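Data block below; observations after.
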Amino acid sequence: GFEVTSPIAARELAAIAAAHALAPDALARRWTLFDLDRLAAQHVSERTSVGVERVEEFASFVSDALAKESARDGGHGGGTPGSGFGKKKKRKLTTSTPTSGASPTSSAASTRVSFGGVTPKKMPREWARALDELTPGVSEYSKSVATPGSATSGGGEGARAATLHANLSARAEFDGDDSGCEVYVSTTGVRGDDFRYMRDRISDRVRAVDARIVDAESRFEFIGEEGEDGEGEAAETDVAASVTSRISRVDTKTGDEDATCVGRVVNAQKSDASGKMTEKSVAIEGSTEGSFGARVRLELRDVSNYSLFPGQVVKVTGRNPAGHCLVAKEISSVSAKPMKMSAPTSAVFAKPTTAVIASGPFSCAKDLKYEPLNDLLDFVVAENPDALILCGPLVDVENAFIKTGTCGDLDFDDVALNVTQTIERKLGFNDGDSKIKTKVIYVPSVRDAMLDAVFPQPAPKRESLFTSSTRAYVASNPGTFEINGAVFSVVSHDILKHLSAQEISKGFATKERLTRLATHVVSQANAYPLYPADPSACLDAAHADALALDVTPDVLILPSDLKTFAEVLEVSDVGKVVCVNPGRLARGDLGGTLAKLVVHAKPPTPSASADDADVPHDVAPRARVDIMKIK
Numbered sequence: 001g002f003e004v005t006s007p008i009a010a011r012e013l014a015a016i017a018a019a020h021a022l023a024p025d026a027l028a029r030r031w032t033l034f035d036l037d038r039l040a041a042q043h044v045s046e047r048t049s050v051g052v053e054r055v056e057e058f059a060s061f062v063s064d065a066l067a068k069e070s071a072r073d074g075g076h077g078g079g080t081p082g083s084g085f086g087k088k089k090k091r092k093l094t095t096s097t098p099t100s101g102a103s104p105t106s107s108a109a110s111t112r113v114s115f116g117g118v119t120p121k122k123m124p125r126e127w128a129r130a131l132d133e134l135t136p137g138v139s140e141y142s143k144s145v146a147t148p149g150s151a152t153s154g155g156g157e158g159a160r161a162a163t164l165h166a167n168l169s170a171r172a173e174f175d176g177d178d179s180g181c182e183v184y185v186s187t188t189g190v191r192g193d194d195f196r197y198m199r200d201r202i203s204d205r206v207r208a209v210d211a212r213i214v215d216a217e218s219r220f221e222f223i224g225e226e227g228e229d230g231e232g233e234a235a236e237t238d239v240a241a242s243v244t245s246r247i248s249r250v251d252t253k254t255g256d257e258d259a260t261c262v263g264r265v266v267n268a269q270k271s272d273a274s275g276k277m278t279e280k281s282v283a284i285e286g287s288t289e290g291s292f293g294a295r296v297r298l299e300l301r302d303v304s305n306y307s308l309f310p311g312q313v314v315k316v317t318g319r320n321p322a323g324h325c326l327v328a329k330e331i332s333s334v335s336a337k338p339m340k341m342s343a344p345t346s347a348v349f350a351k352p353t354t355a356v357i358a359s360g361p362f363s364c365a366k367d368l369k370y371e372p373l374n375d376l377l378d379f380v381v382a383e384n385p386d387a388l389i390l391c392g393p394l395v396d397v398e399n400a401f402i403k404t405g406t407c408g409d410l411d412f413d414d415v416a417l418n419v420t421q422t423i424e425r426k427l428g429f430n431d432g433d434s435k436i437k438t439k440v441i442y443v444p445s446v447r448d449a450m451l452d453a454v455f456p457q458p459a460p461k462r463e464s465l466f467t468s469s470t471r472a473y474v475a476s477n478p479g480t481f482e483i484n485g486a487v488f489s490v491v492s493h494d495i496l497k498h499l500s501a502q503e504i505s506k507g508f509a510t511k512e513r514l515t516r517l518a519t520h521v522v523s524q525a526n527a528y529p530l531y532p533a534d535p536s537a538c539l540d541a542a543h544a545d546a547l548a549l550d551v552t553p554d555v556l557i558l559p560s561d562l563k564t565f566a567e568v569l570e571v572s573d574v575g576k577v578v579c580v581n582p583g584r585l586a587r588g589d590l591g592g593t594l595a596k597l598v599v600h601a602k603p604p605t606p607s608a609s610a611d612d613a614d615v616p617h618d619v620a621p622r623a624r625v626d627i628m629k630i631k
């Protein structure tokens, strides 16, 4: 604490508080900031006392600080009684209400929106109206005409951007109990209760990178032993003993003999002006345990086809004549994780599953009207799917109003609550008689303004976004969940775009590129296998374990700015995975795309019973996906 040593100093402090309308606690916090600001000055030895000579300097400090705040907040930043300096401040509207299509910073007048302390859960319509008042007039989105066949014009064939398995019906048929789908969200990933970030140490990065190589070595050994002996369990117990005998160090001299090693791909030198890896700069680095972290150049001239990127863990067969250059003959990804299996009578076979998938932003770039979201919800009401999968951001940091902080008296949490209240109202969450049974699953994004920008990202608290505990679910990013037993994995990060910028390849058709990039996520059994990560990734290596895919999903959702697609990924030794890039629901001031997924029921075999052995889900052959334009 601080001690006021002079009555004169006490009177001066009271005068400062009165002049700037500062409450005592606010004044104390400003003194603390003033004191810390001068921590290295000559007053350090007298920091516990408040003398007259320091009060005079403090008065100037307060005046300057308030002037800067007022200028930053457009004239509304002056101190107010109990203003709570040091608390989380709500951003204030600093510009006039822009006309349609105008930038939110194009005028000098200012407007403030007051809600009288009423929360959106009590008055959602008033809150939505207040957001609309920030951008009155007709938006560019409203001016645009719905494309014939789009989701907002009846869902005809004309506006489908892509269709997977068009021979299957776009409608699910089910004669049983239509009481809704069963949803289970995995909680084995990132835990939000005690999640700490910004503690990313070099040792964490080394551990994260090395752990992936060691895991790949172990899985390779297990598969090799099982293939030779046919005894998977016995082979697994001997994995540690056989690692050195089956896998060579990456820098072992082999002469003209071939050897097999496992390591991660690295860019040995910045040979390209952009820093991108080239064929001449590819190297392979072994684990610290198996190869003592050795790194050698990887020669690719004898490989007919390859697809490589920094951070990729690969198995390489080739020769290393002198120990410093591995001449590769064959390069492959170490096998992906196995897919989940279930009893033949489980829901994944007995019940069809329908889902609508959409990825943010959900509002146009220059307003907060959320018109694309409203069109999406109208489509969901008409289709009544089992689930609506929403990939963030709900409140996009790239939105013009969010980026400039021109949200009136609303903070980012307020805007997010307005969005979720709109979802609950339109889907009848609180209407017991509603015929809409759709359940909502939300996967956050590092671009969500109201959440911490860190990846992997913990699931937000459900009660902070939704009022329903039975129809709303929140997952982490990356997130894994089940709908009627089918396993879904979602990575709301644009990993496809990041991989596209770093990958080099040979011997593949151009049209296969997006599918090939998506296959890397499955074959690496990792939601973000690229390392070093893209600067926008916000990757925290201390929590890198949460990026691992424990099982290969039946459906993989990878929202991206790249071209939308719906494809079946064929992963060797594992199975087939349905991969969907639904695109963005809003692109600039225009509508984007969404995806509709239908997984048809699989008729049980005549001998199927609960006692039968578990069998693969085999979702891919019975799944239809339509990528549809929203407008």
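Per UniProt numbering, residue 1 is the first one in the sequence shown, and the count goes up by one each step.
Yeah, the Cβ is synthetic: ideal placement off N, Cα and C, and Gly gets one too.
These numbers were taken from a predicted model, which means no experiment stands behind them.
Rounded straight-line distance, which links the Cα of Leu-514 to that of Asp-302: For the purposes of this step, residue 302 is taken as residue 302 along the sequence shown, with counting starting at 1. For the purposes of this step, residue 514 is taken as residue 514 along the sequence shown, with counting starting at 1. One Cα belongs to Asp-302, the other to Leu-514, and the distance between them is close to 25 Å.
Nearest to Ser-476 (by Cα), restricted to the options His-520, Ile-441, Gly-507 and Val-206: Indexing the sequence shown from 1 puts residue 476 at position 476. When only C-alpha atoms are compared, the closest one is Ile-441.
CB contact flag (Ile-483, Ala-387, <8 Å): Counting from 1 along the sequence shown, the entry for residue 483 is found at position 483. Counting from 1 along the sequence shown, the entry for residue 387 is found at position 387. Contact flag set, yes.
Minimum C-alpha distance to Cys-579 - residue among Val-183, Asn-430 and Val-619: As a working mapping, residue 579 is identified with position 579 in the sequence shown. That would be Val-619, whose Cα lies nearest to the Cα of Cys-579.
Endpoints, beta strand (DSSP E) assigned at Asp-452: Numbered from 1 along the sequence shown, position 452 holds the residue referred to as residue 452. Where Asp-452 is concerned, there is no enclosing beta strand (DSSP E), given that its DSSP letter is neither H nor E.
Meets three-Cβ-pair contact criterion under 8 Å: the region 548 to 567 and the region 581 to 588: yes
Same chain only: Cβ atoms within 8 Å of Ala-59, ignoring 5 sequence neighbours per side: For the purposes of this step, residue 59 is taken as the residue at position 59 of the sequence shown. Closer than 8 Å at Cβ, skipping near neighbours: Glu-12 and Ile-16.
Run of the alpha helix (DSSP H) containing Ser-248, from where it starts to where it stops: Taking the sequence shown and counting its residues from 1, the one referred to as residue 248 is at position 248. It is not in any alpha helix (DSSP H) - Ser-248 carries neither H nor E in the DSSP assignment.
Whole-number beta carbon distance between Ser-523 and Val-571, since they are thought to touch under 8 Å: The count along the sequence shown starts at 1 and reaches residue 571 at position 571. The count along the sequence shown starts at 1 and reaches residue 523 at position 523. Rounded, the Cβ-Cβ distance is 6 Å, consistent with contact.
Reduced DSSP secondary structure (H/G/I, E/B, other) of Val-625: Counting from one through the sequence shown, the residue named residue 625 turns up at place 625. Look at Val-625 here: in three-state DSSP terms it is strand.
Residues near Ser-468 by beta carbon distance below 7 Å, same chain, minus five either side: Walking along the sequence shown from the start, residue 468 turns up at place 468. The residues Glu-424 and Phe-429, in chain order, have a CB closer than 7 Å to that of Ser-468 in the same chain once the five nearest residues on each side in sequence are set aside.
Pairwise C-alpha distance: Val-397 and Ala-509: On the sequence shown, residue 509 is found 509 positions in, with the first residue counted as 1. On the sequence shown, residue 397 is found 397 positions in, with the first residue counted as 1. In a straight line, the C-alpha of Ala-509 is about 36 Å away from that of Val-397.
Which of helix, strand or coil DSSP assigns to Thr-564: Here residue 564 corresponds to residue number 564 of the sequence shown, with the count starting at 1. Thr-564: coil per DSSP, three-state reduction.
Assumed close pair Pro-385, Val-356 - CB separation to whole angstroms, cut-off 8 Å: Walking along the sequence shown from the start, residue 385 turns up at place 385. Walking along the sequence shown from the start, residue 356 turns up at place 356. Sure, about 5 Å apart at Cβ, within 8 Å.
Ordered list of beta strand (DSSP E) runs contained in the region 458 to 485, each at least 3 residues: For the region 458 to 485, the continuous beta strand (DSSP E) assignments of 3+ residues that do not extend past its boundaries occur at 472 to 474 and 479 to 483, in sequence order.
Residues sharing a beta bridge with Pro-616, DSSP: By 1-based counting over the sequence shown, the position of residue 616 is 616. For Pro-616, which the question treats as bridged, DSSP gives the partners Met-341.
Nearest residue (CA-CA) to Pro-344, options Val-491, His-617, Tyr-370 and Ala-14: Taking the first residue of the sequence shown as 1, we reach residue 344 at position 344. Among Val-491, His-617, Tyr-370 and Ala-14, the Cα nearest to that of Pro-344 belongs to His-617.
Three-state secondary structure (DSSP) of Leu-514: By one-based count along the sequence shown, residue 514 stands at place 514. Helix.
Length of the line joining the Cα atoms of Ala-18 and Arg-54: As a working mapping, residue 18 is identified with position 18 in the sequence shown. As a working mapping, residue 54 is identified with position 54 in the sequence shown. Per the coordinates, the alpha-carbon of Ala-18 lies some 18 Å from the alpha-carbon of Arg-54.
Bounding residues of the alpha helix (DSSP H) (the contiguous stretch that carries Ala-501): Here residue 501 refers to the residue found at position 501 of the sequence shown. Where Ala-501 is concerned, the enclosing alpha helix (DSSP H) stretches over 495 to 502.
Contact under 8 Å by Cβ, Tyr-141 with Leu-590: Translated into positions along the sequence shown, residue 141 becomes position 141. Translated into positions along the sequence shown, residue 590 becomes position 590. Yes, the Cβ-Cβ distance between Tyr-141 and Leu-590 is below 8 Å.
Coarse secondary structure for Ala-595, derived from DSSP in three states: Locating residue 595 in the sequence shown gives position 595, where the first residue counts as 1. It is a strand residue.
Spatial distance of Thr-135 from Gly-588 (CA atoms): Residue 135 sits at position 135 when you count from the first residue of the sequence shown. Residue 588 sits at position 588 when you count from the first residue of the sequence shown. C-alpha separation (whole angstroms): 15 Å.
Runs of alpha helix (DSSP H) lying entirely within the region 360 to 424, each at least 4 residues, in chain order: Qualifying alpha helix (DSSP H) stretches, in chain order: 371 to 383 and 400 to 404.
Reduced DSSP secondary structure (H/G/I, E/B, other) of Thr-163: Indexing the sequence shown from 1 puts residue 163 at position 163. Three-state result, Thr-163: strand.
Reduced DSSP secondary structure (H/G/I, E/B, other) of Ile-630: Here residue 630 is taken as the residue at index 630 of the sequence shown, counted from 1. Reduced to three states, the DSSP call for Ile-630 is coil.
Phe-195 versus Tyr-473 - alpha carbon distance: As a first step, residue 195 must be located in the sequence shown, where it is residue number 195. As a first step, residue 473 must be located in the sequence shown, where it is residue number 473. Looking at the backbone, the Cα of Phe-195 and that of Tyr-473 are separated by about 19 Å.
Touch test, the region 302 to 314 against the region 519 to 538, Cβ-Cβ under 8 Å, three pairs minimum: yes
Ser-139 beta carbon less than 8 Å from that of Lys-367: As a first step, residue 367 must be located in the sequence shown, where it is residue number 367. As a first step, residue 139 must be located in the sequence shown, where it is residue number 139. Correcting the residue identity first, residue 367 is Asp in this sequence and not Lys. Against a cut-off of 8 Å, the Cβ pair of Ser-139 and Asp-367 comes out as a contact.
Rounded Cβ spacing between Gly-359 and Leu-585 (contact assumed at less than 8 Å): Position 359 of the sequence shown holds residue 359. Position 585 of the sequence shown holds residue 585. The sequence given here has Ser at residue 359, not Gly. Taking 8 Å as the upper bound for CB-CB distance, Ser-359 and Leu-585 are in contact here, some 6 Å apart.
Cβ pair residue 700, Val-487 closer than 8 Å: This structure cannot speak to residue 700, because the chain is shown only from 1 to 631.
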